[in-house]
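Since the structure comes first, as structure tokens, the remarks are kept for the end.
Protein chains: 2
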Amino acid sequence: MRTSIATVSLSGSLTEKLTAASRAGFDGVEIFENDLLASPLTPEEIRTRCADLGLRIDLYQPMRDIEAVPADEFARNLRRARHKLELMRRLGADTVLVCSSVSPLAVDDDALAAQQLSRLADLAQDFGIRVAYEALAWGRHVNTYDHAWRIVETADHPALGTCLDSFHILSRGSDPKGIEDIPGEKIFYLQLADAPLLAMDVLQWSRHYRCFPGQGGFDVTGLVRHVLRTGYDGPLSLEVFNDVFRQAEAGPTAVDARRSLLVLQEAVGAAELPAPVVPTGVAFAELVTPDTEPVSALLAALGFARAARHRTKPVDLWQQGEARILVNTGPAVRRGGTQLAAIGLQSPDPAAAADRAEALLAPVLPRRRAPQDAPLDAVAAPDGTELFFCGADGWRADFEHVAHTPAATHVRHIDHLALTQPWHHFDEATLFHRSVLGLHAQESVDVADPYGLLRSRAVTNADGSVRIALTVGAAPIDDTVRAQHIALATDDVVAAARRFREAGGRLLPVPANYYDDLAARYDLTDEELATYRELGILYDRDPHGVFRHCYTRTVGRVFFELVQRDDGYRGYGAQNAPVRLAAQHAVQAVTGG
Amino acid sequence: MRTSIATVSLSGSLTEKLTAASRAGFDGVEIFENDLLASPLTPEEIRTRCADLGLRIDLYQPMRDIEAVPADEFARNLRRARHKLELMRRLGADTVLVCSSVSPLAVDDDALAAQQLSRLADLAQDFGIRVAYEALAWGRHVNTYDHAWRIVETADHPALGTCLDSFHILSRGSDPKGIEDIPGEKIFYLQLADAPLLAMDVLQWSRHYRCFPGQGGFDVTGLVRHVLRTGYDGPLSLEVFNDVFRQAEAGPTAVDARRSLLVLQEAVGAAELPAPVVPTGVAFAELVTPDTEPVSALLAALGFARAARHRTKPVDLWQQGEARILVNTGPAVRRGGTQLAAIGLQSPDPAAAADRAEALLAPVLPRRRAPQDAPLDAVAAPDGTELFFCGADGWRADFEHVAHTPAATHVRHIDHLALTQPWHHFDEATLFHRSVLGLHAQESVDVADPYGLLRSRAVTNADGSVRIALTVGAAPIDDTVRAQHIALATDDVVAAARRFREAGGRLLPVPANYYDDLAARYDLTDEELATYRELGILYDRDPHGVFRHCYTRTVGRVFFELVQRDDGYRGYGAQNAPVRLAAQHAVQAVTGG
Chain Z
957 MRTSIATVSL SGSLTEKLTA ASRAGFDGVE IFENDLLASP LTPEEIRTRC
1007 ADLGLRIDLY QPMRDIEAVP ADEFARNLRR ARHKLELMRR LGADTVLVCS
1057 SVSPLAVDDD ALAAQQLSRL ADLAQDFGIR VAYEALAWGR HVNTYDHAWR
1107 IVETADHPAL GTCLDSFHIL SRGSDPKGIE DIPGEKIFYL QLADAPLLAM
1157 DVLQWSRHYR CFPGQGGFDV TGLVRHVLRT GYDGPLSLEV FNDVFRQAEA
1207 GPTAVDARRS LLVLQEAVGA AELPAPVVPT GVAFAELVTP DTEPVSALLA
1257 ALGFARAARH RTKPVDLWQQ GEARILVNTG PAVRRGGTQL AAIGLQSPDP
1307 AAAADRAEAL LAPVLPRRRA PQDAPLDAVA APDGTELFFC GADGWRADFE
1357 HVAHTPAATH VRHIDHLALT QPWHHFDEAT LFHRSVLGLH AQESVDVADP
1407 YGLLRSRAVT NADGSVRIAL TVGAAPIDDT VRAQHIALAT DDVVAAARRF
1457 REAGGRLLPV PANYYDDLAA RYDLTDEELA TYRELGILYD RDPHGVFRHC
1507 YTRTVGRVFF ELVQRDDGYR GYGAQNAPVR LAAQHAVQAV TGG
Chain L
957 MRTSIATVSL SGSLTEKLTA ASRAGFDGVE IFENDLLASP LTPEEIRTRC
1007 ADLGLRIDLY QPMRDIEAVP ADEFARNLRR ARHKLELMRR LGADTVLVCS
1057 SVSPLAVDDD ALAAQQLSRL ADLAQDFGIR VAYEALAWGR HVNTYDHAWR
1107 IVETADHPAL GTCLDSFHIL SRGSDPKGIE DIPGEKIFYL QLADAPLLAM
1157 DVLQWSRHYR CFPGQGGFDV TGLVRHVLRT GYDGPLSLEV FNDVFRQAEA
1207 GPTAVDARRS LLVLQEAVGA AELPAPVVPT GVAFAELVTP DTEPVSALLA
1257 ALGFARAARH RTKPVDLWQQ GEARILVNTG PAVRRGGTQL AAIGLQSPDP
1307 AAAADRAEAL LAPVLPRRRA PQDAPLDAVA APDGTELFFC GADGWRADFE
1357 HVAHTPAATH VRHIDHLALT QPWHHFDEAT LFHRSVLGLH AQESVDVADP
1407 YGLLRSRAVT NADGSVRIAL TVGAAPIDDT VRAQHIALAT DDVVAAARRF
1457 REAGGRLLPV PANYYDDLAA RYDLTDEELA TYRELGILYD RDPHGVFRHC
1507 YTRTVGRVFF ELVQRDDGYR GYGAQNAPVR LAAQHAVQAV TGG
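Protein chains in written order, with the working numbering: chain Z, 957 to 1549; chain L, 957 to 1549.
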């Protein structure tokens, strides 16, 4: 099954767009008229460029408001069409899109529409071109796919077919089942876009908020199933108008786009990918740091002991219970100081997990290992975090045991990891973690930071042993300064916090006003409240249970959270995040870091 | 009439918000609960801080889902309320907001709601506090202001009144006339917010898209008139939830906010401001540049001559027809190289124009002049552009004539000035130009730049002799790199372009594909097309007339446009902007500047 993408879905000049589409592995493109008009390349040069890049020009869409208009207007339209068909001949594009008219001149007359579209198809046929007629959701008289099809059927012209667009169909709530009544050979083209479920003006929704399949709320997969049952064998083509993609780099957007189609093709049985291998736990989190001192002090205060060191690399393994933190001081250290650079995921089949990731276009990382090291399969997530797929502790053979006395603390394992995403890649990150890792995405929540709104969304496996919280700002500021964190599960957060403090650790101070509010909201004993207040422990409840958590100060970009989940609490204390964020800003304002 | 602002409308810590509100001249604040919870200041310290800043704490809103609930739930609510009333006593706030319940426990029983609100008012009264009950637009059973008022009326309790919120009333399309049936002394509070007219889920609309009065599509002024007729004498208070304001600097947002209230107060006759003095023309545009060479070359090629120089400052006056450009090489030169720093507006009464600007919180600029210079009244627009109000050529007395030979060109005057706005200040800029200068704002249009969408909006005076196009990116990238431009009106753009080229000027090359499209769209002669193609002239039509225009290369951040408006064309060639922007990016990619 061929895949295609409209140039309007990508940012940059036409040349940049074509290059990005080709590199991401698309078979073809729809050329958006404005991209052609603004390009210094002639149509012949564009044709050659596409051929060199292995891209077919699947569609061109230069015509609007063509049909069901008075005769003199139609004559002008045909004159314009002749120019555009001539251009398409030079371009080597064989399908032209005609959207249903939004012109005030258009009349509600299906017979006239069919007759004029037939005339246009006659002309197009002379150029070897097919006309694909599509119902815009906001078309003046024709705005449903079945209506557009009735007109095409009436015209009964070999060079006239219909174009289906998932946005126009699903945004109106039309039942896509009726698509199966259209003969597949009369579906000349299929455009796909998803969108978040917003109750808003459909034109604005379409022009600004479309997204790639699987990133919104539409059942695009279901629609494609209906289309495939008709025998349609044209491309799956993405036409996505999105304000964010317009200004994101074209390369990553094109990869994100094609991944969305791969997932869709897999879902409809049109592509065979290696099956997902869901991770079964967090093997480790890896910090890179230019300066081990503050990180070591923090880990030691949390009760971690340096339990092993890598045989060939400057990497220490710190451990406490089942929580393992690697501290890497090697050359991989990046700008920004201490940060969370990699996550080791326990995998029942690391090689298969890496195969799936690679098939879904995740960059596979070079194994940079000494000959005696265990092979570790690793890919990069969209935010650059390295994901290692680890078999049953095989990776630990690379580490040499260091004599140490495990401390008695209450830290048990890594509860979750929180990663700030680059602004442009939030939806991509969610789709990546869902499709590549087979994790389940929870609902997105808004969190008020004093300096802007954040959106946060967790992805988890079924038993909650892998939880990753993805966070992004409502609009871009400097994302690189935002913190990442590692939450450690404890069986007694009060004891763990005390132990941390007694070992010289500094907890994030929480304002007294927060505890007055806690007293108003919950029936907590004075003693309990006093303890929380003393240690800066935050409190939350959901229908399942209770969550108590507190935070360390930040080192570089990283801080730790100590959490205690009781009775099956499922969230992450999002309710408390504004207070935590304000407290972190306050500390930063005082210490400057 | 007192003015107030909710802390949620501003960015930052509570301290930063209070400071910004005070500096902008607000009389009071509504303290949003999350801001208090996250603050390290105790309630007493917040009270003192507000008092020191001259701010009254007009409202606190810590209570939700209070009324019309089962007895045991209400008992819990009262327990919580007691905590919050005690907090308010410490804070010194005397009005508490209670929004209509959204709880699934709430029942549709007005009598019960009235009875429970009465109980709450009893309790509040003990603390010297009044309860203001407000209908949320998405309240479960109570979602219109008249319904909330019926409940308050039924309760008939001296410490219970209603709070009106323009967003909740106007977003539902309720008729605000009925407000006049409420006795003014029972309206305990008035919250104001505008919003763009979006057809979307009202909760999301309210939480993310509210804006200041006059910046959206609601008739907030009309609503306030109804409220004032009741005898209401409480504050006008802004409660604006807006994703942009959340991350903009608090200081400018607070100024923008208060300006919006001043304009509103003027409209309802509650404030007397100096009347607007609409500018009658553009006296000059002033470029600052660290390097006169390229600017002088460009101006000379456009037919400008250096006609005068300032008696005391390093400023040259270049003139052609009625177009005057000042070139300033003085110390005011800012980062970013050559840029459009100031606009001289012809004003029938410069002093009165400056008085109005000052009354509307525009920063008045120091006159930095030598003793013999004419006084020039100037203020700063929100984007930092300096606006000079110029009397009948008085300012020219500061300039000494330089011998020169005026060239015979077709440039007549400045047609319009185009200014890129900082992302956070687009709506502010529009309100500023409308209210301070008395200009009329045209519709906002979207323009596709290859690297992101732009929004553009023109403000003009009645005869079009002052036109300023304000432009902003759909999301922030580095705005400072975006170009500004000066459009010069010609009576023959073809001759003007030829003359420019012959004098060594370089016009922006326009892709050939654009002219193929022009041939398809319009019935132009081959000769006409060949001319446009040769010179890079773009073409547009509107229902009134024809527009032809072309562009120079960019110097620093500035380029020039030569335009010819025929037969009353009213636009700015927005249709051609994507082609122009792509051509500019292409030149930049080649030349790196």
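Each residue gets a CB set at the ideal place from its N, CA and C atoms; glycine is no exception.
query                                                                                                                                                                                       : result
How is the beta strand (DSSP E) around tyrosine 1495(L) delimited, first residue to last?                                                                                                   : 1494-1497
Using three-state DSSP, classify phenylalanine 1382(L) as helix, strand or coil.                                                                                                            : helix
For the candidate residues Pro1152(Z), Leu1494(Z), Arg1045(Z), whose alpha-carbon lies nearest to that of phenylalanine 1174(Z)?                                                            : Pro1152(Z)
If the cut-off is 9 angstroms on Cβ atoms, which residues from the region 1123-1143 of chain L count as contacting chain Z, listed in chain order?                                          : none
Taking buried to mean at least 16 other C-beta atoms within 10 Å of its own C-beta, is histidine 1360(L) buried or exposed?                                                                 : exposed
For valine 1422(L), is the classification buried or exposed, using 16 other Cβ atoms within 10 angstroms of its Cβ as the cut-off for buried?                                               : buried
Note down, one range per segment and in chain order, each alpha helix (DSSP H) of at least 4 residues found wholly within the region 1267-1320 of chain Z.                                  : 1306-1315
On the criterion of 16 or more Cβ atoms from any shown chain inside 10 Å, does valine 1546(L) qualify as buried, or is it exposed?                                                          : exposed
Is it the case that the Cβ atoms of glutamate 1090(L) and aspartate 1050(L) are separated by a distance below 9 angstroms?                                                                  : no
Distance, Cα to Cα, glutamine 1295(Z) vs isoleucine 1125(Z)?                                                                                                                                : 45 angstroms
Taking the beta carbon of proline 1246(Z) as the centre, do at least 16 other beta carbons fall within 10 Å, making it buried, or is it exposed?                                            : exposed
On the criterion of 16 or more Cβ atoms from any shown chain inside 10 Å, does threonine 1268(Z) qualify as buried, or is it exposed?                                                       : exposed
For chain Z, find out if any of its Cβ atoms is closer than 9 angstroms to the Cβ of glutamate 1399(L); answer yes or no.                                                                   : no
Mapping DSSP to helix, strand and coil, what is glycine 1350(L)?                                                                                                                            : helix
When you compare each of Thr1186(Z), Phe1123(Z), Gly1084(Z), Asp1078(Z) to aspartate 1112(Z) by their alpha carbons, which one comes out closest?                                           : Asp1078(Z)
In terms of residue numbering, what span does the alpha helix (DSSP H) encompassing histidine 1178(L) cover?                                                                                : One point to set straight first is that residue 1178(L) is glycine, not histidine, in the sequence displayed. 1176-1185 is the extent of the alpha helix (DSSP H) around glycine 1178(L).
Suppose you measure from the CA of valine 1196(L) to the CA of tyrosine 1016(Z); what does that come to, to the nearest Å?                                                                  : 44 angstroms
Glycine 1172(Z) to histidine 1500(L), Cα distance in whole Å?                                                                                                                               : 42 angstroms
Any residues in the region 1145-1178 of chain Z with a beta carbon nearer than 7 angstroms to a beta carbon of chain L? Which ones, in chain order?                                         : Leu1154, Ala1155, Met1156, Asp1157
List, in order along the chain, the chain L residues whose C-beta lies closer than 8 angstroms to that of threonine 998(Z)?                                                                 : Ala1468, Asn1469
Output the residue ranges of the beta strand (DSSP E) runs that lie fully inside the region 1112-1156 of chain L and measure 3 residues or longer, sorted by chain position.                : 1116-1121, 1143-1148
Give the range of the alpha helix (DSSP H) segment to which alanine 1453(L) is assigned.                                                                                                    : 1449-1458
Can you tell me which residues form a DSSP beta bridge with glutamine 1520(L)?                                                                                                              : Arg1504(L)
So for glycine 1549(Z), helix, strand or coil by DSSP?                                                                                                                                      : Here the model assigns glycine 1549(Z) a pLDDT of 44, short of 50, so the residue's position is not dependable and the matter cannot be decided.
Decide yes or no for the touch test of the region 1402-1418 of chain Z against the region 1183-1203 of chain L: beta carbon pairs closer than 8 angstroms, at least 3 of them.              : yes
Should alanine 1062(Z) and isoleucine 1107(Z) be called a contact, given that it needs their Cβ atoms to be closer than 9 angstroms?                                                        : no
Let me know if glutamate 1242(L) comes out buried or exposed under the rule of 16 or more other beta-carbons within 10 Å of its beta-carbon.                                                : buried
The region 957-968 of chain Z: which residues have C-beta closer than 8 angstroms to a C-beta of chain L, in chain order?                                                                   : Ser967, Gly968
Measuring only the C-alpha atoms, how far is glutamate 1222(Z) from aspartate 1473(L)?                                                                                                      : 41 angstroms
Measuring alpha carbon to alpha carbon, tell me which residue in Asp1102(L), Gln1540(L), Arg1086(L), Arg1352(L) is nearest alanine 1093(L).                                                 : Asp1102(L)
By the three-class DSSP mapping on this structure, what secondary structure does glutamine 1513(L) have?                                                                                    : Note on residue identity: the sequence assigns arginine, not glutamine, to residue 1513(L). Three-state DSSP puts arginine 1513(L) in coil, outside helix and strand.
For the beta strand (DSSP E) containing cysteine 1006(Z), name the first residue and the last one.                                                                                          : Careful: cysteine 1006(Z) lies outside any beta strand (DSSP E), inside the alpha helix (DSSP H) at 999-1008.
Please confirm if the region 1366-1373 of chain Z is in contact with the region 1514-1528 of chain Z, defined as three or more CB-CB distances below 8 angstroms between the two stretches. : yes
What span of residues does the alpha helix (DSSP H) with valine 1054(Z) cover, start to end?                                                                                                : No alpha helix (DSSP H) holds valine 1054(Z); the beta strand (DSSP E) holding it covers 1051-1055.
So which residues on chain L does aspartate 1472(Z) lean against when the C-beta distance must stay under 8 angstroms?                                                                      : His1039, Leu1043
Which word fits histidine 1381(Z), buried or exposed, when buried means at least 16 other C-beta atoms lie within 10 angstroms of its C-beta?                                               : buried
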